[in-house]
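Some notes on the structure that comes next.
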Amino acid sequence: MTKTKTDQLFATPTKDIADFVFDQSVVDVFPDMINRSVPGYGTIINTIGLLAQQYIQADSHAYDLGCSLGAGSLAMAQGANTEQFHIFGVDNSQAMVERGNAMMQQSAFGKFITIQQGDLCTQTIENASMVVLNFTLQFISPSKRLGVLENIYAGMRPGAALVLSEKICFDDPLSQQTNVMLHHQFKQSNGYSALEISQKRTALENVLEPETLDCHFQRIHQAGFQHCNAWFQCFNFASIIAIK
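This note's numbering applies: residue 20 is where the sequence shown begins, and numbers increase by one.
See below:
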């Protein structure tokens with residue numbers, strides 16, 4: 020298995036910063052990048068395993084949409100109380116899919132998981148007892164987000180769970196300023212320089228559009244879910260569970 024490298028993608032001053040893409044350079048450092056950048060990421064992944072224990076049903080499917088290297092998929096596979104299920108990890112990055120499949124082959128739980136390249140906006144969802152969108156919807160155009168959730172809802176069994184984790188923003192300017200500042204301090208405490216933080220923020224400006232928790236709740240209800248709540252929040256990162 021390829022050893023994870025330390026994320027230094029934005030350590031060199033760059034005049035014209037390109038939009039962030041999940042290419043091979045990101046794949047090579049992704050585990051380091053996300054753990055040093057997203058507060059509570061490990062807690063979210065571990066809790067996905069606990070939720071899988073509760074919600075993955077026998078003879079059903081689970082989906083990890085925008086699965087990157089399959090951390091959420093593995094958590095579900097490890098947590099499930101049945102062996103009569105299959106998890107489909109979907110990502111639009113070919114580099115992520117190739118590395119993710121290689122990692123699944125190294126895991127005893129990989130037999131329950133198929134990682135494939137696909138478009139979340141057109142992905143077929145069938146017989147689903149659990150669906151994970153872990154920091155994925157934020158990269159999809161806001162005009163398409165309701166359609167993604169409606170498609171997921173339509174393909175779920177009654178009682179199925181959706182886990183939606185997102186970077187969020189705040190209507191209140193002081194709350195927004197405070198949480199952004201705390202997030203930057205979190206990243207600095209994990210070894211990122213002010214230059215790295217600034218340049219990555221610039222790279223993400225046109226590709227990641229956060230929304231408020233209320234906006235997410237409204238859309239989730241509009242898609243058909245009757246019950247949802249935020250079970251996790253740290254600074255401007257949150258995770259929601261919604262039940263069909």
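Yeah, the Cβ is synthetic: ideal placement off N, Cα and C, and Gly gets one too.
Worksheet entry | Cβ-based burial, P58 [other Cβ within 10 Å; buried from 16] | To locate residue 58, count along the sequence shown from 1; it is residue 39. Burial is judged here by how many other beta carbons sit within 10 angstroms of a residue's own beta carbon; P58 has at least 16 and is buried.
Worksheet item: What's the C-alpha gap between Y82 and V116?
Response: Counting from one through the sequence shown, the residue named residue 82 turns up at place 63. Counting from one through the sequence shown, the residue named residue 116 turns up at place 97. Here the alpha carbon of Y82 sits roughly 14 Å from the alpha carbon of V116.
Worksheet item: Run through DSSP, which three-state label would F251 get?
Response: Residue mapping note: residue 251 aligns to position 232 of the sequence shown, counting from 1. Three-state DSSP puts F251 in a strand.
Item to complete: Taking all protein chains shown into account, decide if I34 is buried (16 or more other Cβ within 10 angstroms of its Cβ) or exposed.
Response: By 1-based counting over the sequence shown, the position of residue 34 is 15. This sequence places Lys at residue 34; Ile is not what is there. Around the Cβ of K34, a 10 Å sphere holds fewer than 16 other Cβ atoms; the residue is exposed.
Practice prompt. Ignore the nearest five residues each way along the sequence and tell me which others in V109's own chain have a CB closer than 8 Å to its CB.
Written response: Here residue 109 refers to the residue found at position 90 of the sequence shown. Only Y82, D83, L84, G85, C86, I134, Q135, Q136, G137, L139, Q142 meet the Cβ criterion.
Worksheet item: Going by the CB atoms, is the gap between N255 and V199 shorter than 8 Å?
Response: Position 180 of the sequence shown, counted from the start, is the residue given in the question as residue 199. Position 236 of the sequence shown, counted from the start, is the residue given in the question as residue 255. Going by beta carbons, V199 and N255 fall inside the 8 Å limit.
Discussion item. For P192, tell me which candidate among K163, G68, S160, T231 has the shortest Cα-Cα distance.
Written reply: Walking along the sequence shown from the start, residue 192 turns up at place 173. When K163, G68, S160, T231 are compared, the shortest CA-CA separation from P192 is found for T231.
Worksheet item: If you run the structure through DSSP and keep just helix, strand and coil, what is Y172?
Response: Taking the first residue of the sequence shown as 1, we reach residue 172 at position 153. DSSP, reduced to helix, strand and coil, places Y172 within a helical segment of the structure shown.
Item to complete: Kindly indicate which residue of A99, F39, P177, F189 has the alpha-carbon position closest to the one of F131.
Response: Reading the sequence shown from its first residue, position 112 is the one you call residue 131. Among A99, F39, P177, F189, the Cα nearest to that of F131 is on A99.
Practice prompt. Classify Y60 as helix, strand or coil using the three-state DSSP reduction.
Written response: Mapped onto the sequence shown, residue 60 falls at position 41. Y60 falls in the helix class under three-state DSSP.
Discussion item. Three Cβ pairs or more, each shorter than 8 Å: is that satisfied between the stretch 34-47 and the stretch 147-156?
Written reply: Contact between the stretch 34-47 and the stretch 147-156 is absent, because fewer than three Cβ pairs lie under 8 Å.
Worksheet item: Can you tell me the Cα-Cα spacing of I262 and Q124, whole angstroms?
Response: Position 243 of the sequence shown, counted from the first residue, corresponds to residue 262. Position 105 of the sequence shown, counted from the first residue, corresponds to residue 124. Going by the C-alpha atoms only, they are around 31 Å apart.
Worksheet item: With which residues is Y82 paired in a DSSP beta bridge?
Response: Reading the sequence shown from its first residue, position 63 is the one you call residue 82. DSSP output for Y82 lists F107, V150 as bridge partner(s).
Worksheet item: To the nearest angstrom, how far is it from the Cα of Q237 to the Cα of H202?
Response: Residue 237 sits at position 218 when you count from the first residue of the sequence shown. Residue 202 sits at position 183 when you count from the first residue of the sequence shown. Distance between the alpha carbons of Q237 and H202 is about 25 Å.
Worksheet entry | Beta-carbon proximity of A147 to S217, cut-off 8 Å | If you number the sequence shown from 1, residue 147 lands on position 128. If you number the sequence shown from 1, residue 217 lands on position 198. Result no, Cβ atoms of A147 and S217 do not sit closer than 8 Å.
Discussion item. Determine whether the beta carbon atoms of E185 and A90 lie at a separation below 8 Å.
Written reply: Here residue 185 corresponds to residue number 166 of the sequence shown, with the count starting at 1. Here residue 90 corresponds to residue number 71 of the sequence shown, with the count starting at 1. No. Outside cutoff.
Discussion item. Extract the residue ranges of the beta strand (DSSP E) inside the stretch 200-254, only unbroken runs of 3 or more that lie entirely within it.
Written reply: Within the stretch 200-254, the complete beta strand (DSSP E) runs of at least 3 residues are 246-253.
Worksheet item: Does the separation of the CB atoms of E215 and A30 fall below 8 Å?
Response: Within the sequence shown, numbered from 1, the residue matching residue 215 stands at position 196. Within the sequence shown, numbered from 1, the residue matching residue 30 stands at position 11. Result yes, Cβ atoms of E215 and A30 sit closer than 8 Å.
Worksheet item: DSSP puts V182 in a beta bridge; with which residues?
Response: Indexing the sequence shown from 1 puts residue 182 at position 163. Looking at the DSSP output, V182 sits in a beta bridge with V151, I260.
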